[in-house]
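One structure below.
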Amino acid sequence: MKIQLIAVGTKMPAWVETGFKEYQRRFPKDMPLDLIEISAGKRGKNADIKRILQQEGEKTLAAIPKGNRIVTLEVTGKPWDTHQLATNMEKWQLDGRDVSLLIGGPEGLAPECIAASEQKWSLSNLTLPHPLVRIVVAESLYRGWSLNNNHPYHRE
């Protein structure tokens, strides 16, 4: 199973790229974690946010391979602890499809992305900086994988 993280935003600070790549490289060959960055629309004083959100949503949905399970990262989603994430990851593997996890931009995800999702996952009730979410998701997925595979990374 391949896991694809599709995130709005490019040109991340070095600490974000370093943090994400640290966990990305730990994934096994049979469960790679890939990152696809979607360019964010230009936001200015008089920006048409609704239009920008729609364009970001179109680009995001276009980046998802046909047949992938879509999971959106949303404050209003369901919170999963590590064991629940690990259980979801096992179910994803048994399902036989690859997984696309979607992270929105400053205003979140387009309604079309949310409508296309099969699961909605909340990392926290807090609104987290979108660059940080990449690292938290990568680490959480790696921890879930380590739990499912009795890898020593996960400690109870």
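Numbering follows numbering that gives the first Met the number 0, with no gaps: position 130 of the sequence shown is 129. From the three backbone atoms N, C-alpha and C, an ideal C-beta is built for every residue, glycine too.
Am I right that Arg42 and Pro110 are in contact with their C-beta atoms under 8 Å? What's the rounded C-beta distance?
Within the sequence shown, the letter at position 43 stands for residue 42. Within the sequence shown, the letter at position 111 stands for residue 110. Not really, about 18 Å apart at Cβ, beyond 8 Å.
Just verifying my parser: in three-state terms, what is the DSSP assignment at Asp221?
In this structure the chain extends from 0 to 155, so residue 221 is not present and cannot be described.
Would you mind sorting Trp120 into buried or exposed? The rule is 16 or more other CB atoms within 10 Å of its CB.
Here the question's residue 120 lines up with position 121 in the sequence shown. Result: buried.
Under DSSP, the beta strand (DSSP E) around Arg68 begins and ends at which residues?
Walking along the sequence shown from the start, residue 68 turns up at place 69. Boundaries of the beta strand (DSSP E) around Arg68: 68–78.
Pro128 and Val15: beta carbons closer than 7 Å?
The count along the sequence shown starts at 1 and reaches residue 128 at position 129. The count along the sequence shown starts at 1 and reaches residue 15 at position 16. No, the Cβ-Cβ distance between Pro128 and Val15 is not below 7 Å.
Please report the distance separating the alpha-carbon of Gln118 from that of Gly107.
On the sequence shown, position 119 is the one that residue 118 refers to. On the sequence shown, position 108 is the one that residue 107 refers to. One C-alpha to the other measures close to 16 Å.
Is Ala39 buried or exposed, if buried means 16 or more other CB atoms sit within 10 Å of its CB?
For the purposes of this step, residue 39 is taken as the residue at position 40 of the sequence shown. Classification of Ala39: buried, given that the 10 Å Cβ count is 16 or more.
Whose C-alpha, out of Ile102, Ser116, Ile113, is nearest the C-alpha of Leu122?
For the purposes of this step, residue 122 is taken as residue 123 along the sequence shown, with counting starting at 1. It is Ile102 whose Cα lies nearest to the Cα of Leu122.
Kindly indicate which residue of Ala13, Asn45, Ala137, Lys1 has the alpha-carbon position closest to the one of Thr81.
As a first step, residue 81 is located in the sequence shown; it is residue number 82 there, counting from the start. When only C-alpha atoms are compared, the closest one is Ala137.
Taking Cβ positions, are Ser99 and Thr71 nearer each other than 7 Å?
Locating residue 99 in the sequence shown gives position 100, counting from the first residue. Locating residue 71 in the sequence shown gives position 72, counting from the first residue. Contact: no.
Below 6 Å CB to CB, which residues in the same chain sit around Asp33 once its five sequence neighbours on both sides are set aside?
As a first step, residue 33 is located in the sequence shown; it is residue number 34 there, counting from the start. Once the five neighbours on either side are set aside, the close Cβ partners of Asp33 are Gln3.
Going along the chain, which residues of its own chain have a beta-carbon closer than 8 Å to the beta-carbon of Val132, five neighbours each way excluded?
Locating residue 132 in the sequence shown gives position 133, where the first residue counts as 1. Excluding sequence neighbours, Val132 sits near Ala6, Leu72, Ile102, Leu122.
Give me whichever residues DSSP pairs with Lys119 in a beta bridge.
By one-based count along the sequence shown, residue 119 stands at place 120. According to DSSP, Lys119 bridges with Thr71.
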